[in-house]
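Read the structure below first, then the notes.
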Amino acid sequence: MNPVHKKIPVLIHNGKPVCESLIIVQYIDEVWHDKNPLLPSDPYQRAQARFWADFVDKKVYDCGRRIWATKGEEKEAAKKEFIGIMKKLEGELGNKPYFGGEDFGYVDVALIPFYCWFHAYENFGNFKTETECPKLVEWAKRCMQRESVSKSLADPHKVYEFIVSLKKKLGNE
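Numbering-wise, UniProt numbering puts 75 at position 75 of the sequence shown, and it's gapless, one number per residue.
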């Protein structure tokens, strides 16, 4: 458990804890850099990847949560913001297969876990990500073809059911 925030995830490697998702991914990339590096070797490109991963980390979950946890104007504002975030990310992706270019990398690792939440965001927000950001959905489907990704992500319908039960528990139906 993270000693400061008392939450997970935590990676224990050689008896030492490494906390927080993106920091864990960077740590893994540094320790096993000779395998399939996630961060580019070029310092500028590495900085850009870290910037976009941080953008994902700070924006996507919070905005998505507001889509299912709020009502009325607040929900509409969250939906508009979420679509704007996705469009920004789609612009950064451009015509590349992955955010880092030809290879699956750090920004892909940061964003793809949210793909299984899109179904819930779309249902609660009454929109379709594919209509708004078709290239981003193509990217997500490409990522899902990777066994390491498809075996790691939750079923989108189970995520939706989880949120429905959470809303009931919180009295936010």
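Glycine residues also receive a C-beta, built at the ideal position from the N, C-alpha and C atoms.
- In the three-state scheme derived from DSSP, where H, G and I count as helix and E and B as strand, L153 is classed as coil.
- Restricting attention to alpha helix (DSSP H) runs no shorter than 4 residues, the UniProt domain "GST C-terminal" (42-162) encloses them at 43-69, 72-93, 106-111, 115-125, 129-132, 134-144 and 147-150, ordered along the chain.
- Remark: C-beta atoms of A69 and K158 do not approach each other more closely than 9 Å.
- When DSSP reads this structure, H13 sits in a beta bridge with K16.
- By the CB criterion at 9 Å, Y98 and R50 fall outside the cutoff.
- Per DSSP, the unbroken alpha helix (DSSP H) holding L22 starts and ends at S21 to V31.
- For L166, the secondary structure class from DSSP, reduced to helix, strand or coil, is helix.
- Counting the other CB atoms within 10 Å of its CB gives F124 a total of 16 or more, which places it among the buried residues.
- By the Cβ rule, the segment 99-119 counts as touching the segment 53-65, because three or more pairs are nearer than 8 Å.
- Here I23 is not near L38, since their CB atoms are 9 Å or more apart.
- Within its own chain, the residues whose Cβ lies closer than 6 Å to the Cβ of F118, once the five positions on either side in sequence are excluded, are T129, listed in chain order.
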